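Here the sequence shown stands for residues 21 to 220, numbered as in the working numbering. Beta carbons: idealized from backbone N, C-alpha and C, even for Gly. Everything numeric in this text was worked out from a predicted model, so none of it was measured.
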Amino acid sequence: MNDQNQPRFRVRARHTGSTITVYQAYRPEIGGPAARHGRFPASWKRERMTWIKPSFLWMMYRCGWGTKEGQETVLAIEIDRGGFLWALRNACLSHHVPALHGDQASFKRQLRQAPVRVQWDPERDLHLNPLPHRSLQLGLAGEAAARYADEWIVGIEDVTPLAAEIHGLVRAGQLESAAGLLPEERPYDIDDEVLAPLRA
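Here it is as structure tokens:
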């Protein structure tokens, strides 16, 4: 997973034939009920953009292994592959790339119309240092956020204890043991015609 020769833009994820797992972190009042009931509670704000991340270690970087305020509960959310593909097909990069978008005005128009935004951020190693290859993030808003909450979710698991266990091993210098507990994230095949407009 930390191979320095990885393609720069590739989706890597824990996945099955019908689902893909993404990660989010929430305060316990949201994360706890979500894991118990397999859906977000009424207090989850649908009108806000919600970011999903297929990379466990990028999520650890973002939430500080579940120690940052408001991100204490780390969730592994299994979603339908069809929903994930819909998100990619209806996405726009979050920043302007002239070769893809044309002028700034055209890009801003695309960004306003798209219910999904794509960012590629440096993947992380066990010490949460950046790696040369990128990790996908999807920002879901409007119709995309509603579909995510109501249609795509297959299951929600609280993986906060796993995050704490791996973090403890990393701090103890037991990197091989820590790596052995990481979710297996394999390349996730996506047609190039879908991904090409989203590579930064």
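Within 10 angstroms of its Cβ, does Glu-204 collect 16 or more other Cβ (buried), or is it exposed? exposed
Using only CA atoms, which one of Thr-180, Ala-165, Ala-96 lies nearest to Thr-87? Thr-180
Any heavy atom of the ligand MG closer than 7 Å to the Cβ of Trp-85? No copy of the ligand MG appears in this structure; indeed no ligand is present at all.
Per-residue burial, Ser-155 [other beta carbons within 10 Å of its own, 16 or more giving buried]: buried
Bridge partners of Asp-141, per DSSP? Ser-155
State yes or no: is the C-beta of Ala-134 within less than 8 Å of the C-beta of Ala-111? yes
Evaluate Pro-53 with the Cβ neighbour count: other Cβ atoms within 10 Å of its Cβ, from every protein chain shown; 16 or more gives buried, anything less gives exposed. buried
Nearest to Lys-128 by alpha carbon, out of Asp-141, Ser-114, Gly-193, Pro-207? Ser-114
Between the C-alpha atoms of Tyr-168 and Leu-218, what's the straight-line distance to the nearest angstrom? 20 Å
Reduced DSSP secondary structure (H/G/I, E/B, other) of Ala-216: helix
In three-state terms, what does DSSP make of Phe-29? strand
Where does Thr-180 sit, in a helix, a strand or coil, going by DSSP? helix
Among the residues of its own chain, which have a CB less than 8 Å from the CB of Leu-148, if the five just before and after it don't count? Leu-77, Met-80, Tyr-81
Classify Leu-189 as helix, strand or coil using the three-state DSSP reduction. helix
Count the other C-beta atoms from every protein chain shown that fall within 10 angstroms of the C-beta of Glu-143, then say buried if there are 16 or more, exposed otherwise. buried
Please look up how many angstroms separate the CB atoms of Asp-170 and Gly-51, rounded, as I've assumed it's under 8 Å. So it is not a contact: roughly 18 Å between Cβ atoms.
Would you call the CB atoms of Ile-99 and Ile-173 closer than 8 Å? yes
Return yes when the Cβ of Pro-74 is within less than 8 Å of the Cβ of Arg-28, no when it is not. no
Nearest neighbour of Gly-37, chosen from Tyr-208, Glu-213, Arg-30 [CA to CA]: Tyr-208
Could you please give me the residues that DSSP links to Trp-71 through a beta bridge? Gly-159
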